[in-house]
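Residue numbers for the sequence shown follow this note's numbering, beginning at 3 and rising by one. Glycine included, C-beta positions come from ideal geometry on N, C-alpha and C. Note that the coordinates shown come from a computational prediction; the quantities given were computed from them, not determined experimentally.
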Amino acid sequence: MPPFSVTTPIYYVNDVPHIGHAYTTIAADVLVRWRRLWGDEVFFLTGTDEHGLKMAQAAEAQGLTPKDWADRTSERFREAWKELRISNDDFIRTTEPRHHRAVQEMLQKVYDNGDIELGTYEGLYCVACEAYYTEDELVDGNCPIHGRPVQRMREENYFFKLSRYGDRLLEYYEAHPEAVQPETRRNEVLGFIRQGLQDFSISRTSISWGIPIPWDPNHVAYVWFDALINYCTALGYGSERERFEHWWPVDYHLVGKDILRFHAVYWPAMLMAAGEAPPKHVFAHGWLLVGGEKMSKTRLNQIAPGDLVATFGSDGVRYHFLRDQNFGPDGDFSYEAMVARYNADLANNFGNLASRVLNMAVNYLGGLSPEARENGPLRQQSAAALDGLSAGMAKLDFAGGFGAVWDLIRAANAYIEDRAPWALQKAGDAEAVAAVLGDCLETLRIVALLAFPLIPDAASELWRRLGLPGTPEDQRLPEAAAWGSMPAGAALERGPSLFPRLEG
Ligand code: MSP
């Protein structure tokens, strides 16, 4: 079983979960559920980022200690992920002792290797980003990401000698063209490195809410240096070397484009300095925009995932975000579009196929699946669905990949219209009825299996109604998707609509 590891960013606890956070987390979940179907040994990590100035300020505004505040908000993330059926294997918090150990160990390594030095920093700081900017990078004098004023800060800091790593990073990316995806993001990263890299400060003395620098505890680790190391901590860095080596390097860091530079420039250089391999892939997706703007606390345009789950169900939310926009460019979110897509793809296509086939099978076949036909006309289309999904998932094209599965669903609905089993039934052609419905049941089985990573609840329920043993999760690809595996005599069950239609 090859190991396959995927991470989401760890989310700041100064904010409660919104659908932007959910977007990355759902994508990661679909990817790992897909890999588990192939039998990979998967490690899926998410968590919360709890140190830094921004957090300390947020806690203070609530009259709480940073730790109390972090406990509360971190819990909100856990709850949101549970509600969205996120199947993470670990949930890391940067305030945990295991993480303190790992950060201190890595910092010490880099320091011992001579890549951390003391210096003075003066610059323009955005608290929301927890990052310094140069004058040129500001937009109208404000932070380019948050549009908020920056503050001039002067500190004695430890610096990571990033400037020494430009050539090594370029060499690495030359040899591993797939390491930053999609292509446009790779070009952005290469362009940034070619401009020449500046050393960056990795410690702060102005705040105490952080992890002390092991050789100089007046300093705490800069929140980004602390946060990035979470990926190593969770895999055993600093405590279980063997486990760490089994998993490292990570297969996919999924991130929003806002934090690409941290993941594709600073992080690999730090890892190199600590003697570890860089991540295999960093994939940066675009933003989910609301009314054309990035969601943020200050713009008051955040949508809580739970509010959407209440209307669309967790499957409906998962489906929408990964099918409605491509995983790469920015995309606009609208409630109307969400209702329309839910009704078209889930209520009409998926739900309708399931209910009409199961109803007919119960009415015409006594609720028992017939012998499968070797060569049903949907056989080709089923193979195409697996191929299309595999090709899409290999490049994290969720919309395209699952599009192939929905093509199969549409083909099956068209097949039913064409063969009209109700007419065959009326004409007394029992053999033809069994043949057509057998093909449709087999198609439903394959659909339940392939759609499972995206809509696990409905797919599992469909699997159960098809009278199949276990759950889609227990199946192994590619064998399980082979045409003709639907057992004869399975007890079929009809039931309430899997995706009840919504009124616009
Ligand atoms: N704590 C840092 C990350 C440290 S990782 C070592 C951080 N946290 S965050 O809470 O601000 O989360 C940022 C991430 O949330 C983005 O990179 C992206 O994955 C997700 N998103 C937040 N808003 C988003 C949108 N509007 N659209 C899509 N994803 C967004 O940065």
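Check                                                                                                            : Outcome
Any 3 or more C-beta pairs closer than 8 Å across the region 161-169 and the region 268-286                      : yes
With 16 other Cβ atoms within 10 Å as the buried cut-off, status of tyrosine 337                                 : exposed
With 16 other Cβ atoms within 10 Å as the buried cut-off, status of glutamine 183                                : buried
Supposed contact pair alanine 104 and cysteine 234 - C-beta distance, whole angstroms, cut 8 Å                   : 6 Å
Outcome for valine 34 when other beta-carbon atoms lying within 10 angstroms are tallied against a minimum of 16 : buried
Simplified DSSP assignment, three categories, for aspartate 218                                                  : strand
Sheet register partners of glutamate 295 (DSSP bridge)                                                           : Val292
Selected residue, minimal CA-CA separation from tyrosine 25, among Asp51, Leu86, Ala413 and Gln382               : Leu86
Aspartate 92 beta carbon near the ligand MSP (any heavy atom closer than 7 Å)                                    : no
Tryptophan 289 CB to nearest heavy atom of the ligand MSP below 7 Å                                              : yes
Distance cut-off 7 Å: histidine 23 Cβ against heavy atoms of the ligand MSP                                      : yes
Endpoints, alpha helix (DSSP H) assigned at glutamate 62                                                         : 55-63
Status (buried if at least 16 other CB within 10 Å, exposed otherwise) for leucine 302                           : exposed
Near the ligand ADP: isoleucine 94 beta-carbon under 7 Å from a heavy atom                                       : This structure does not include the ligand ADP; its bound ligands are the ligand MSP.
Segments of 3+ residues assigned as beta strand (DSSP E) that fall wholly inside the region 305-363              : 333-335
Aspartate 383 burial status per 10 Å Cβ neighbour count (16 or more: buried)                                     : Sequence check: residue 383 is glutamine here, not aspartate. With 16 or more other Cβ atoms within 10 Å, it is buried.
Bounding residues of the alpha helix (DSSP H) (the contiguous stretch that carries phenylalanine 162)            : That residue, phenylalanine 162, is in no alpha helix (DSSP H); its beta strand (DSSP E) goes 153-162.
The region 327-341 touching the region 43-54, judged by at least three CB pairs closer than 8 Å                  : no
Aspartate 326 Cβ short of 7 Å to the ligand MSP heavy atom set                                                   : no
N- and C-terminal bounds of the alpha helix (DSSP H) containing valine 141                                       : Run containing valine 141: none; DSSP gives neither H nor E here.
DSSP three-state assignment for serine 203, whether helix, strand or coil                                        : strand
Between the CA atoms of leucine 120 and tyrosine 127 - distance to the nearest angstrom                          : 19 Å
Range covered by the alpha helix (DSSP H) that runs through alanine 24                                           : 21-39
With 16 other Cβ atoms within 10 Å as the buried cut-off, status of glutamine 477                                : buried
Three-state secondary structure assigned by DSSP to glutamate 124                                                : strand
Same chain, Cβ closer than 6 Å to asparagine 16, five either side skipped, listed in chain order                 : Lys56, Met57 and Ala60
Sequence-distant residues of its chain with Cβ nearer than 7 Å to leucine 456 (five each side left out)          : Val32, Arg320, Tyr321, Leu324 and Phe404
Aspartate 17 Cβ short of 7 Å to the ligand MSP heavy atom set                                                    : yes
Proximity winner among Gly168, Ala349, Thr207 and Arg467, relative to alanine 223 (alpha-carbon distances)       : Thr207
Proline 458 in three-state terms, based on DSSP                                                                  : helix
Assigned exposure category for glutamate 463 - 16 Cβ within 10 Å defines buried                                  : buried
Where arginine 156 falls, given that 16 or more other Cβ within 10 Å makes a residue buried                      : exposed
Burial state of threonine 50, where buried means 16 or more other Cβ atoms lie within 10 Å                       : buried
Leucine 302: CB within 7 Å of a non-hydrogen atom of the ligand MSP                                              : no
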